[in-house]
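What follows is a set of notes on a single structure, which appears directly below.
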Amino acid sequence: MNSQSTSRRAFLKQFSFGSGGALLSPLLGQLASAADGTVGSFPQRFVFLVKSSGLTPKAITPESLRGQKATGSTPLRVPLKGIPLPDSLRALEPFKEQLAIVQGFSGKMCLAGHTSYFGAMGVHASPSETSSGRPLRATIDTRLSSQQSSPFGHVGLALRGRAVGGAGDPIPQGTLYPGLSALAPGRELPYQASPDQAFDQLFGSAVGSKKGRKRYNLETGMLDFLAEDIEQLRKKVPTAEQDKLSHYLLAFEDLQKRRTKLLTMSEAIRNGAPKLTDKFSSQLGIDRLASHFELAASCLITGLSNGITIRMDNLEHVYTGLGLTDQNVHAIGHGTGSNGKSAEECRDVIRTYHISLMAGLAGKLRATPEGDGTMLDNTMIVYLSDAGEAHHGALHEWPFLIVGGCGGRLTLPGNYLRMPDYGQPGHGTIGNLYTSILNAYGDPINHFGDPDFSLEREGLPQRGPISSLIT
Amino acid sequence: MDNHCVGCHGPKKAKGSIRLDHLDSRISQGLDFETWNEIYDQLAQREMPPEDAKHQPDEAQRASIISWLGKELEKARSSPRGRHLLGQFSFGNQVDHDALFSGEIKELPFSPPRLWRMNPNIYDRTKKRIFKDHWMELRKARQPFSLEQRPGINDYSEGLFADSATLETLLLNARGIVEHQLNRDIPLIFRTILESDGPPTPEQAEAAVRFQFKTLVLRPPSAKELARYRDYFLRSIKESGGDVRAGLEVCLKAIALNPEAVYRMELGLGSKDDHGRTILSDNELAFAIAFSLTDDPPDQTLWSAAQSGNLESREEVHFQLERILEDPAIPKPKILRFFREFFGYHRAPQVFKDAERFKNYDWGIVANQLVHEADLLVLHTLKQDRDVLRQLLTTEKYFVGHIGLEADPKDLEQRLIALRQLYDYWKEKPWKKLEYEFKAGIRTEIENLHPFFQAQPMKHRMSGGLVKDYMPYLTICYENGLRPMLAQFILMEGERERNLTSAHDQRFFLSAYNLSADQFDCPIEQPFELNKEQRVGLLTHPSWLIAHSKNTDTNPITRGKWIRERLLADQVPDVPITVDAVVPENPHKTLRERFQATRQQECWRCHKKMNPLGMTFESYDDFGRFRTLDKASGKPIDSSGLLDSTGDASLDGKVENAVELMKRLGQSDRVRQSFIRHAFRYWMGRNEMLSDSASLIAADEAYVKSGGSFQAMLVSLLSSDSFIFRKGRATK
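Given below as C-alpha cells:
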C-alpha cells in the first residue's frame, strides 16, 4: 500500500521508466512539506464515515441558524460556541470546540441520484446509477492518509457494499468493494465487511484467535516459499524479461517488510487491540458497525493506520437493531415510515446512532494524550453521504460534519460554515473544499477533481483552494 | 547544433517551445528519446533549419549530424528506456509502412521470447470457473490484472508488470478462493483429505496440488513442481502442529500466487531452426492459440493435439484455428474486443457529458446502449465476413434500439405483447401517482399480465417507479401507431447498465441518430438503412463520435489524429508538453474558425495532418447529432476537408464531408494494410518490426484473396512465423 521503502523506490527507479516519477511523487511531497514545516511532529489521522441516503442540510443545522445564508460572496461563518446543536447531534456537544458543520459546497460534477460512488470523495461522475465505473483518481480519504506512512495504509471497513443493488442480500462477509474509495486511478480500495476477519488481518500479528495466529504465521512462510519460486524462474528467462519477475518479487518483499515492521510493534498492538468479543462476529448490523468503530479507534491509537473509511450502511440495509424492522434505508429515503415512525423520524434515529458512534470514536482519541494535547487534535473525522444533500441528492450542496482539531491546519473546527449558494459568486464545490484540505495538509495540488461545467459556463471561477479555510 | 539550432531553440527564443539546451544529452540511454527522434526526423526530412533561416548547414555538416544522431538513436532503441517506449502502442507506426509491405524485406519473422502478464478477461473466466454461480463470492474476488485505459491496444506483453497492487489483490482473492474451495464447493480430493484421519498420503497431496494447478495455473504441474508443492503441503501440516486443513489452505493459496499464474510464458521452448529461431513448444502454442481467440485455456481437442505433438505441423494449427473459429458453441470475445480497441467507440461512456444539457439524468445508460449498437454492427459484419473493413467504414445500415443479434424473433414478439399489455393495464389508471413500490395486490395483477413479469429476479421486478418511467414513451408510441424500441425493455433481462427506461432517456438516445420518439417506428429487421446522406459506417456512429469528442465540444484534432494514425499508418507527435493548446473561446465563431490559431507555422506543421481530416466531422455535434448549422454562432457548418500526403496517391484530394471521406478511405489499400497492422499488434501483443514484413504481407493477401474475410486474415496471422517463432533480441 503506502509503506514503500526507500530501497524499493531505488530499485523501481532502475526498472520502471514510465511510472518512476509517479511512484516517487508521494515521497517528494512529504519531503517538500517537511521542508516548509507543514508536517508537525505528530502523525495526522483521517477518518471518513460515509452514510447512504443523503445527509440533509436541515438535519445538521442548529435551530438558530436555519435559513441563514451567506451575504454576497463571503461565506457565513458562525462560531458554534453557545449554540445548541440539533437533537440528533447532541452526542457531539462535548466536542463543540472541535466540531465543524460545513454547508453549501456543491458537487454537480458528480452523477446525482442514489449515490455518486467514487464521485463523493473523488469529485467526478460515475457512468450510471447502477455502475460505479472506474475511479479516475485516488479519492480524498486515501490521498490524505497516503502522506502519513503506516503499516496498513488506508483501511476500509464496511457494514455493506455498493449503495444500490443486492436487495434482500444478507449482511456481507469478508472483502468487498462499495465503489467509494480509490488508491489510484482504476484501483479501488478493498473494504473489510467482517469485523472478526478485520481483527485477524489488522491485529493478528500480535494477538487474536489461535487459528488467526496460525494462519498468519503460515502465510508469512508462504511468502518466502513463493519468493524462492519466483527467483528460480527468474533465472530461467531471458534477461530482458527478468524485470517483470523482479517486480513481482519486490511485491513479496514489501509484504514481508510490513510483517517485520508489525513484529516490532507487537507490544503496542497487544496493548491497543480491541477486545475480541462475540459482537465481532454478530450478524446484527449495529453490533458490526460498533465493532468497526472499535477497530478503527484501536488502529489509529496503535498507529497501525492513519486513515480509515467506514461505510456506515447502504440503501438495502434494515436497521433491525434500532427498531426499524419494517423498511430498509431505501424505502425510508423515499418517504416510507417504519414501525410507526415517520420517514423523517426514522432518519433521525439512524443519524443519532451514527453520531453517537462518531462521538465515541472522538472520545477515545481525546482520551489519548499526544504531546501537549490529545490525539483528537491531530485527527479529522468527516461524516458525509455518498448521495449529497438528500436521498436523491441533486448535489447543489453537500453537507459535512467534521470533528477533530485537524492538526490546527484548518479554520473549520468550532464553526458553522455556509458557502454562498450554487451559482452565486464565492460559491465553492467539493473540489474546492478537498483542494483546500489537501493544501492545508501540505499537498500542494492546484485543483482536486473535475470542474463543474455549468459553473464554468457562467464564468464562476472554481479552481483551487479557498484560502480562508486554511490557517 | 550550437551554430544552427540553438539560436532559435535555446534560451533566447525557444521556438516551438523546444530548447535543445534543456534536452538530456544522454541520447543513447533513451533519455528525451521522443524529442531527439523528432529532431532526427526534422533534420532528415530537411524541415529544419527552416528554408528562410539565414545560416544553413552545408551538406557535409547535415549528413554528419544525421548520421551521428541516427547512431545514437539506434543505440537508444535497445536501451531499457528506448525499448520500453518503442514497446508502447503509440510508437507502433514508427515502422515504415511502405517498407513493411514492399516485399523486399527478407528477414524471417519472429517474436522475442517473453512473459505476458495474465489479462483481466482470462482471470475473470478463471474466477467464474471456481465460484460458478456463487455471486456474492464472485463479486468479492477483484481484478488483479487490470489494464490501462489508454486509447488503442493495451494488452501488450512489454511493460505489463505484476506489482504490489497485483499481489495484494491476488492474496485477498486467494484467501477467498481457498475459503470457498474448503467450505462451500469442495472438490472431491480436498474433501477426501479433510475427512481422513491424520495427514494425507503423498499421492493424495499430489492430487490436491495437481487439481489446484489446473484450476489456477491452468495447466498440470511439472514433475518438479509437483514434488515441491507436495512437500510444502506436508511440511506446512507439520509446522502448524498437525493441522491438515491449515496446511492444505496455505498450499492451495501458494499455488494461486505462483508466478506462472501471473505470467504466461512464451519463451519458445521447442526446437531451433536454421535461422536462430526456436519454435513455441506444443504446450506454449496451445495456450497461445486458445488465448488468442478465447479467454479460456486450451480445450480438450487442442490440448490433446499439443500432447501428441500434432501442433508441430502448420496444417494442424490451421485446423485448430478454424475449428475454434467455426464452432458457434465456443465464445470468442477477443475478436469483438479487437474492434472495440481499434475503433475506440467503446470509450463513449467515459466521455462525460453534462447530462443537464440534454435534460437527462443518467448519462451512462444512453452511452452504453450506443456502444452496444456499434458492437452489433461489428458482430453483424463479422457474421457476413465479406469486405469487413470497407463495410465497417461505409455501411449505410445501423442498429437502433435493438436488443441483440441472438434475439429470437418470437421472443421479440412476446416482449412487444408484454409491453402493450403493461400499457393497456395502466393507461386509464392514475399511473402518475404511483408510489415507488407496488402494493402486493397490484404486483400480482402485473405478474399475471404476461409470463415476462413473473420470471424476473426480485431486484428487476416491475415497480411503480418503472411504470412511471415507461408510460410516457409507450403512450407516444401507441398513440402514433409506432413500434416501441425493445432496448428500453432489457431491464427485464437484468442488464440495467443500458436500460433506457425513462422517456427522457429515450428522446436523448434517439436524438443521437437524429431520430425522434414520436416518429421512430423501431424496425424488427435490423440493421436498417438510416440516412445514407448523413451517416455511413462506424466513424459517423454516435458512439464513435462521442468517444472522440470533448465534454462540451467536438474534437477535430483527436478525430483527425485517429484517422491519420489508425487508417493511414502515419504518425502525429503529441502536443509538445510546453504548448498550452487552448482553442480561443468566441461565441461568434464556429470551431473551424476558432481553430485558425493552429495555422501558425509552428503549429500547422503537425496540425495540417489532423485538422483537414477531423473537420469533416463538424457536421455532427459533440453528441453525434448531424447538423448543418452551428448553434452557438448561428453560422452554417463547413464540413469540407482534405486528404493530403496520405502515401496513397489515389486517396489524396478534397472531400466535401465525412461521408465522402469514409467512402474514399474504404477503397484504399493503405487503409486496409493499416488495419491489418493493428490486428497484428493486438494479436501479437506488441508492435510490428520490419522483420514481421512477411507475416503482414501474407495476412493482407489472405484478406484480399478471400474477398475481405476477417477470419481468413486472422488464421493467417495466428499461424504466421511472427506468432510461432521466438528469437532473442539483438543485444547490440
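Those protein sequences? They're chains A and B, same order as listed.
Okay, so the first sequence: first residue is 1 according to our numbering, each after it adds one.
Okay, so the second sequence: first residue is 472 according to our numbering, each after it adds one.
Backbone N, C-alpha and C define an ideal beta-carbon position, used for all residues, glycine too.
Contact annotation, proline 1027 (chain B) with glutamate 1089 (chain B): C-beta distance approximately 7 Å; criterion of less than 8 Å satisfied. For leucine 55 (chain A), the closest C-alpha among the options A:Glu456, A:Arg45, A:Gly104 is that of A:Gly104.
If you draw a 10 Å sphere on the C-beta of asparagine 1082 (chain B), you find 16 or more other C-beta atoms in it, and that means buried. Judged by DSSP in its simplified three-state form, asparagine 590 (chain B) adopts coil rather than helix or strand. Secondary structure note for histidine 154 (chain A): its beta strand (DSSP E) is the uninterrupted segment 154-158.
Secondary structure at methionine 358 (chain A): helix, using DSSP grouped into helix, strand and coil. The alpha-carbon of serine 1104 (chain B) is positioned some 51 Å away from that of aspartate 529 (chain B). Nearest C-alpha to lysine 1032 (chain B) among B:Lys1106, B:Leu1114, B:Asp992, B:Glu1000: B:Leu1114. Think of a sphere of 9 Å around the beta carbon of proline 584 (chain B): the chain A residues whose beta carbon falls inside it are Val237, Pro238, Ala240, Glu241, in chain order. With contacts defined as CB atoms closer than 8 Å, glycine 815 (chain B) and proline 1013 (chain B) fail to qualify as a contacting pair. Assignment of valine 1130 (chain B) by DSSP, reduced to helix, strand and coil, places it in the helix class. Under a criterion of Cβ atoms nearer than 7 Å, the residues of chain B adjacent to isoleucine 230 (chain A) are, in order, Pro730. When the five nearest sequence neighbours on each side are left out, the beta carbons in the same chain lying within less than 7 Å of the beta carbon of lysine 939 (chain B) are those of Trp902, Lys903, Leu905, in order along the chain.
Along the stretch 363-387 of chain A, none of the residues has a CB nearer than 7 Å to a CB of chain B. Serine 496 (chain B) and proline 521 (chain B) have their C-alpha atoms some 23 Å from each other.
The beta carbon of glutamine 201 (chain A) sits closer than 7 Å to the beta carbons of Gln192 from its chain, once the five residues preceding and following it are set aside; these are given in chain order. One alpha carbon belongs to glutamate 677 (chain B), the other to alanine 694 (chain B), and they sit about 10 Å apart.
The way I'd put it, the stretch 77-97 of chain A doesn't touch the stretch 389-396 of chain A; fewer than three beta-carbon pairs between them come closer than 8 Å. Listed by position along chain B, the residues whose Cβ is nearer than 8 Å to that of alanine 125 (chain A) are Phe823, Trp834.
Per DSSP, the continuous beta strand (DSSP E) segment holding glutamine 103 (chain A) begins and ends at 99-103.
Rounded to the nearest angstrom, the Cβ distance from valine 871 (chain B) to leucine 986 (chain B) is 7 Å, consistent with a contact under 8 Å. Within chain A, His247, Tyr248, Ala251 have C-beta atoms less than 9 Å from the C-beta of threonine 637 (chain B), given in sequence order. Serine 181 (chain A) and glutamate 188 (chain A) have their C-alpha atoms spaced approximately 6 Å apart. For a Cβ distance threshold of 7 Å, residue set Lys611, Gly647 of chain B lies close to glycine 174 (chain A), ordered along the chain. Nearest to asparagine 729 (chain B) by C-alpha distance, out of B:Pro673, B:Glu1159, B:Gln683, is B:Gln683. Within 10 angstroms of the beta-carbon of glutamine 990 (chain B) lie fewer than 16 other beta-carbons, which makes it exposed.
Taking CB atoms only, methionine 222 (chain A) has a neighbour in chain B less than 8 Å away.
In the three-state DSSP reduction, tyrosine 117 (chain A) falls in the coil class, being neither helix nor strand. At the C-beta level, glutamate 755 (chain B) and valine 688 (chain B) stay beyond 8 Å of one another.
Residue environment: aspartate 745 (chain B) is assigned as exposed (fewer than 16 neighbouring CB atoms within 10 Å of its CB, all protein chains considered). Contact annotation for phenylalanine 225 (chain A) against chain B: Tyr703, Ala725 [CB-CB distance below 8 Å, chain order].
When C-beta distances to chain B are compared with 9 Å, the residues of the stretch 106-134 of chain A below that value are Lys108, Met109, Leu111, Ala112, Gly113, His124, Ala125, Ser126, Pro127, Ser128, Glu129, Thr130, Ser131, Gly133, Arg134, in chain order. Within chain B, the residues Tyr907 have their CB atoms less than 7 Å from the CB of histidine 334 (chain A), given in chain order. A direct Cα-to-Cα measurement between serine 1116 (chain B) and threonine 130 (chain A) gives close to 47 Å. For the stretch 174-190 of chain A, the set of residues with a beta-carbon nearer than 9 Å to any beta-carbon of chain B comprises Gly174, Thr175, Leu176, Tyr177, Leu183, Ala184, Pro185, Gly186, Arg187, Glu188, Pro190, in chain order.
Against threonine 1029 (chain B), chain A offers no close residue; the least beta-carbon distance is about 19 Å (beta-carbon pairs closer than 9 Å).
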